[in-house]
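Since the structure comes first, as structure tokens, the remarks are kept for the end.
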Amino acid sequence: MIVAAHWEALLQLLVAVRAEAAGRRFAGGPFLALLTVVPSEFPPARGEGAEACLVWLNSAGIRRPCPQRGSISVSTSHPRCSRRAGRRLATNEREMMMRDLHDEELRALLAFRQRHGRCWKAALLLRWSAGTDADEPGSAHLRHLRNIGGPRWLLGLSAATLDDAARRFAGCVDPALIDVFMENATGFARGASASVGIAPASAAHSLAIAIELSLKAYLMKAGYADDWNRVHIRHDLEKALALAVATGLSGFPPELPQLAAILSPAYSRHQIDAMFRGGASPFDVTDASLCVDRLLAVIRAQIA
Numbered sequence: 026m027i028v029a030a031h032w033e034a035l036l037q038l039l040v041a042v043r044a045e046a047a048g049r050r051f052a053g054g055p056f057l058a059l060l061t062v063v064p065s066e067f068p069p070a071r072g073e074g075a076e077a078c079l080v081w082l083n084s085a086g087i088r089r090p091c092p093q094r095g096s097i098s099v100s101t102s103h104p105r106c107s108r109r110a111g112r113r114l115a116t117n118e119r120e121m122m123m124r125d126l127h128d129e130e131l132r133a134l135l136a137f138r139q140r141h142g143r144c145w146k147a148a149l150l151l152r153w154s155a156g157t158d159a160d161e162p163g164s165a166h167l168r169h170l171r172n173i174g175g176p177r178w179l180l181g182l183s184a185a186t187l188d189d190a191a192r193r194f195a196g197c198v199d200p201a202l203i204d205v206f207m208e209n210a211t212g213f214a215r216g217a218s219a220s221v222g223i224a225p226a227s228a229a230h231s232l233a234i235a236i237e238l239s240l241k242a243y244l245m246k247a248g249y250a251d252d253w254n255r256v257h258i259r260h261d262l263e264k265a266l267a268l269a270v271a272t273g274l275s276g277f278p279p280e281l282p283q284l285a286a287i288l289s290p291a292y293s294r295h296q297i298d299a300m301f302r303g304g305a306s307p308f309d310v311t312d313a314s315l316c317v318d319r320l321l322a323v324i325r326a327q328i329a
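Counting in this note's numbering, the sequence shown tops out at residue 329, every number present.
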């Protein structure tokens, strides 16, 4: 296990190699095929820093250590190195410096920073390197930033940029509209509870509306404007729930994800009635009504 004193050296190795690899094409492809830090090469922490042996595999499977320990030295004299890739990287860096980040990109970065705390840049660099950023909420925007900006751009991104965006998004909160959404969600939930035994299809539709309105109210409180929700979420209950969870929603009923997964496809296509034709019932509407009531109570408490 690598001790904390060696973490900075490891991160510097990773960042420098990935930044180098992003601008050139090696025999093994546009990125290093393998990055191995040999733990035995780490000396005991003595305050002077840590050293490591960097090893990479080319397409022939040959292990090639860096000439100097404790430094990055990656050969770029391979005949297949591409100058065009280097020019493309420089163009991408200029593009990132010339344009502002889009709101969706800022929101993805803010959400990632909130989840991973002080070392969020290190966490994102590691996910970029391993390809696991695809598992993160907002992964499309994070991957796009990796492609056009890369590690060098991320390391140069100032905290003030994200702090300013967070304040701007917070200014988009409309308390009156949030109250309207929650009031309407409560009304649809009550209507569903009253019609469960009479018209289960109508009750299910009202429950879907209550879920949508309550989750969007939570997202508006988190800074996602109603216009953005209308365009990017629409009536997708699963997407709304996933984004709400990513922004901090917790304590909701454990059966809610399954209920959202059942309702969302039909609800987004206005086909809930078809789910109940011929007396069929894909779920217990009474239990679903209780689930939605608990969801509303959780959201009220968390947006208060």
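C-beta atoms are modelled at their ideal positions from N, C-alpha and C, and glycine is treated no differently. The model shown is predicted, which means the values in this text are computed figures rather than measured ones.
The beta carbons of Leu-170 and Glu-129 sit about 11 Å from each other, so the pair does not count as a contact at 8 Å. Taking the Cβ atoms as the reference, Leu-232 lies roughly 14 Å from Ala-265, outside the contact range of under 8 Å.
It is roughly 31 Å from the alpha-carbon of Val-221 to the alpha-carbon of Lys-246. Between the alpha carbons of His-260 and Leu-167 lies a distance of about 24 Å. About 27 Å separates the beta carbons of Pro-176 and Ala-267, which is beyond the 8 Å limit, so they are not a contact pair.
Secondary structure at Arg-143: helix, using DSSP grouped into helix, strand and coil. Contact between the segment 228 to 242 and the segment 200 to 218 is present: 3 or more CB-CB pairs across the two stretches fall below 8 Å.
Secondary structure in the segment 284 to 308: the alpha helix (DSSP H) runs of 4 residues or longer, each lying completely within the stretch, are 297 to 300 in chain order. Judged by beta-carbon spacing, Ala-226 lies within the 8 Å limit of Ile-297, meaning their Cβ atoms are closer than that value. Ranked by Cα distance from Leu-187, the first of Ala-159, Trp-145 and Met-207 is Trp-145. Using a 10 angstroms sphere on the CB of Leu-238, the tally of other CB atoms reaches 16 or more, which defines it as buried.
Burial of Asn-254 is indicated by the presence of at least 16 other C-beta atoms within 10 angstroms of its C-beta. Taken through DSSP and simplified to helix, strand or coil, Arg-138 comes out as helix.
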